[in-house]
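Below: the structure, in structure tokens.
Residue numbers (my numbering), protein chains in the order written: chain A, 29 to 218; chain P, -9 to 224.
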């Protein structure tokens, strides 16, 4: 599973699967919640792992699911809203965790094992990844957040708008500007 | 130069990680959250039902009826019957329906017998305004005819003293009207009574008698107060 799964047909099928589970989740069907958790856990963990260490990221995902169950009555039904709503909860949990860690001791973000990069991929692939990661680190926090939600969490522009509480048009514009800036940074670096 | 889609794909590949599988503790926490939410929702529904019941019982009859009809989702007839059975007075337009169903729509109202009891007592006592004529029908409309009032007490008969010194009353048992006015004191004038026995006719003023003074021992003819029919009906 990679962060770009939702740009494929498999990602769309997974989104449909989650959407079909939402009515059961609203009815507090435990099996529906377990299925949602199992299907979204990789993306939730990947997104949380961008800001938290491994253990804290897992705790944040679990806390986000617990809060989602508690607040399911406040969720307004929309076919494309559930994942944006759930990632919005996770975003708040991650922020709370970061504040708590800032008061104690700073922790490094999770360095999960990167899939799909076998040694046979070669040095070029690794160099390209390093180049784009370095350019990505020079973006502003808000630009990085939008792109992380896009490629790590696998959300659409509409879902990112729900997560961040902004208008979809503003998200599309901000994403386009962030990509243009990233492209310029990569060209400058190279 | 790459387009946005390609750049996103490259960025996703660079940032992608393989997160671990969720552990059993995470599933246990999720199951506990679902159970707790179920309990909370059940308690909230029970509390809502209790609050609604209180609101219904506190409301006016029309509001109670509306709440019951809405809660039961039944026709007005069934709802009306339900309200009557439940001891709740239905709205005025539906009371006839309750009556047709043989239900008492006003169970909380006082006993009709106790309400009508004072009327019967008034009639028995002959008080003014009491209804007359058989057993009163509580459902019957109010009588259109004026109620017959009991006869007033007999007015006090003023017996004027004869101003004419010669006017005297005959001795009891001596005149044609003996026994008619047994309690009239001799020497007073009794106003005449109409022939048909109706209200008494006012007595005319006594006329002075121009005749010479009678000789002692003679009884003069009666003049004052001696109209037609006077002293009759003994």
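Note that beta-carbon positions come from the ideal geometry of N, C-alpha and C, so glycine has one too.
Only a predicted model underlies this, so the values are computations on that prediction, with no experimental measurement involved.
Listed by chain order, chain P residues near residue i by CB distance under 7 angstroms
i             : result
residue 61/A  : 20 and 24
residue 58/A  : 21 and 24
residue 74/A  : 7 and 9
residue 90/A  : 16 and 19
residue 175/A : 1
residue 70/A  : 9
Cross-chain neighbours of residue i in chain P, by beta carbon under 8 angstroms
i             : result
residue 204/A : -6
residue 164/A : 1, 4 and 5
Chain A within 8 angstroms of residue i, Cβ atoms only
i             : result
residue 35/P  : no
residue 16/P  : yes
residue 97/P  : Because the pLDDT at residue 97/P is just 49, under 50, the model does not fix this residue reliably, and the point stays unresolved.
residue 129/P : Bear in mind that a pLDDT of 46 at residue 129/P, under 50, signals an unreliable position, so the model cannot answer this.
residue 39/P  : no
residue 102/P : For residue 102/P, the predicted structure reports a pLDDT of 45, less than 50, and the residue's modelled location is therefore unreliable. A value from the coordinates is still provided. Output row for residue 102/P: interface = no.
Cβ of residue i within 8 angstroms of any chain P Cβ
i             : result
residue 147/A : Confidence at residue 147/A is low in this model, with a pLDDT of 49, below 50, so its placement is unreliable and the value that follows should be read with caution. Not an interface residue.
residue 98/A  : yes
residue 119/A : no
residue 67/A  : no
residue 216/A : no
residue 112/A : no
residue 156/A : yes
residue 219/A : The first residue shown for chain A is 29 and the last is 218, placing residue 219/A beyond what the model contains.
residue 199/A : no
residue 179/A : yes
residue 77/A  : yes
residue 30/A  : Low local confidence applies: a pLDDT of 40 at residue 30/A is under 50, so the model's placement there is unreliable, with the coordinate-based value given in what follows. Yes, residue 30/A counts as interfacial toward chain P.
residue 191/A : no
residue 46/A  : no
residue 126/A : no
Contacts that residue i makes with chain A (C-beta to C-beta distance below 7 angstroms)
i            : result
residue -3/P : 207, 210 and 211
Within chain A, partners of residue i - CB distance below 9 angstroms
i            : result
residue 31/P : 56 and 101
Cβ distance (whole Å) where residue i is taken to contact residue j below 8 angstroms
i             : j             : result
residue 225/A : residue 181/A : The shown model of chain A, from 29 to 218, leaves out residue 225/A, and the question about it has no answer.
residue 209/A : residue 167/A : 6 angstroms
residue 159/A : residue 217/A : 6 angstroms
residue 28/P  : residue 156/A : Not confirmed; about 50 angstroms, so no contact.
residue 92/A  : residue 50/A  : With a Cβ gap of about 16 angstroms, residue 92/A and residue 50/A do not count as contacting.
residue 46/A  : residue 68/A  : 7 angstroms
residue 76/A  : residue 118/A : 6 angstroms
residue -3/P  : residue 207/A : 5 angstroms
residue 19/P  : residue 90/A  : 5 angstroms
residue 58/A  : residue 68/P  : Actually they are not in contact, since the Cβ atoms of residue 58/A and residue 68/P sit about 39 angstroms apart, beyond 8 angstroms.
Chain-ordered chain A contacts of residue i [CB-CB under 8 angstroms]
i            : result
residue 28/P : 56
Bridge partners - residue i, DSSP secondary structure assignment
i            : result
residue 82/P : Answer is none; residue 82/P lacks a bridge partner.
Contacts that residue i makes with chain P (C-beta to C-beta distance below 9 angstroms)
i             : result
residue 104/A : Residues of chain P passing the Cβ test: none, with the nearest at roughly 18 angstroms.
residue 184/A : Correct list: empty, because the minimum Cβ distance to chain P is about 12 angstroms.
residue 160/A : -3, 0, 1, 3, 4 and 5
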